[in-house]
């Protein structure tokens, strides 16, 4: 911040005393008046208004330069992230599954949409319900911002042996009404898992022939081009995910260009 100091102009010098008397040529006294002085010139240099204007212009230029540098830095960081995401190649493969209504689905069906995607299984005792409820709440919160595009939540099973169309249809009803459940043959589920680099493995069976599936616990954010943009593990809160998704929507740049 620039402080502007201002000093007033120096006061006029005072002329005191009576006019001097001098002997005139005829021997009389005559009044000799001091030489008349005009008003002193005003101080040279810019006035207060000019200095304020110059200071404002300089300050505006400095602010504009700072904003440009910050914008350029953000642009470079975004380009760097785009290149990193391209190298990861997450979500660049296709999948061929069936939704919980029995309709065939591939990645092409979701192009042009923002997607939150979670891999899990319907017999999961706690983690999957917690994450799907969190994902559903994120969608509800984003729906409250009409200026943002609508998000499509998707659940893909990693337990195709038990999670047929009917089981998945019953399961997704417990969460968001737009939640779409996908299943398929073991081969097609593996294809989807590979596309998003999801690990899963069925554990040993107990006496009731029940088992737990160990799997990657991540919510994926996919952009309208169908490619991975971000991920959210269990430590991320609903508010943090909403903030992240909103930010991606506002600065979206396709990875396919």
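In the numbering used here, the protein residues as written are 5 to 261.
Note that beta-carbon positions come from the ideal geometry of N, C-alpha and C, so glycine has one too.
{"Asked": "Could you tell me which residues DSSP pairs with residue 100 in its beta bridges?", "Found": "110"}
{"Asked": "Rounded to whole angstroms, what's the CA-CA distance from residue 257 to residue 208? Just pull it up for me.", "Found": "44 Å"}
{"Asked": "Count the CB pairs spanning the stretch 149-156 and the stretch 192-204 that are closer than 8 Å, and state whether there are at least three.", "Found": "no"}
{"Asked": "Determine the burial state of residue 136: buried for a count of at least 16 other Cβ atoms within 10 Å of its Cβ, exposed for fewer.", "Found": "buried"}
{"Asked": "Measuring only the C-alpha atoms, how far is residue 171 from residue 84?", "Found": "42 Å"}
{"Asked": "On the premise that residue 235 lies in contact with residue 223, defined as a C-beta separation below 8 Å, what is that separation, rounded to the nearest angstrom?", "Found": "7 Å"}
{"Asked": "Given a threshold of 16 other Cβ atoms within 10 Å of its Cβ, counted over all protein chains shown, does residue 62 qualify as buried or as exposed?", "Found": "exposed"}
{"Asked": "Taking only runs of the alpha helix (DSSP H) that begin and end inside the stretch 152-222, which ones reach a length of at least 4 residues, in chain order?", "Found": "169-176, 190-199"}
{"Asked": "Quick one: give me the first and last residue of the alpha helix (DSSP H) that residue 145 is part of.", "Found": "131-147"}
{"Asked": "Within the continuous beta strand (DSSP E) that includes residue 124, where are the two ends?", "Found": "118-124"}
{"Asked": "To the nearest angstrom, how far is it from the Cα of residue 188 to the Cα of residue 202?", "Found": "16 Å"}
{"Asked": "Given 8 Å as the limit, is there contact between the stretch 210-223 and the stretch 100-117, that is, 3 or more CB pairs closer than that?", "Found": "no"}
{"Asked": "By the 10 Å Cβ neighbour count, where 16 or more other Cβ atoms means buried, how is residue 238 classified, buried or exposed?", "Found": "exposed"}
{"Asked": "Starting from residue 236 and walking both ways along the beta strand (DSSP E), at which residues does that stretch end?", "Found": "232-236"}
{"Asked": "First and last residue of the alpha helix (DSSP H) that includes residue 127?", "Found": "First-last for residue 127: undefined, no H or E at that position."}
{"Asked": "Kindly indicate which three-state DSSP category residue 72 falls into: helix, strand or coil?", "Found": "helix"}
{"Asked": "Among 120, 102, 55, 211, which residue has its Cα nearest to the Cα of residue 231?", "Found": "120"}
{"Asked": "With a threshold of 16 other CB atoms inside 10 Å of the CB of residue 58, please say whether the residue is buried or exposed.", "Found": "exposed"}
{"Asked": "For a test of the three-state rule: what should DSSP assign to residue 115, helix, strand or coil?", "Found": "coil"}
{"Asked": "Taking just the CA atoms, how far does residue 70 sit from residue 8?", "Found": "In this prediction, residue 8 has a pLDDT of 41, which is less than 50 and means its spatial position is unreliable; what the coordinates show is noted afterwards. Straight-line Cα distance between these residues: approximately 23 Å."}
{"Asked": "So, residue 142 versus residue 242, is the Cβ gap smaller than 7 Å?", "Found": "yes"}
{"Asked": "Classify residue 122: buried if its beta carbon has 16 or more other beta carbons within 10 angstroms, exposed otherwise.", "Found": "buried"}
{"Asked": "With a threshold of 16 other CB atoms inside 10 Å of the CB of residue 64, please say whether the residue is buried or exposed.", "Found": "exposed"}
{"Asked": "At what residues does the alpha helix (DSSP H) containing residue 251 begin and finish?", "Found": "242-254"}
{"Asked": "Could you say which of 68, 213, 55, 159 lies nearest to residue 132 if we only look at CA atoms?", "Found": "159"}
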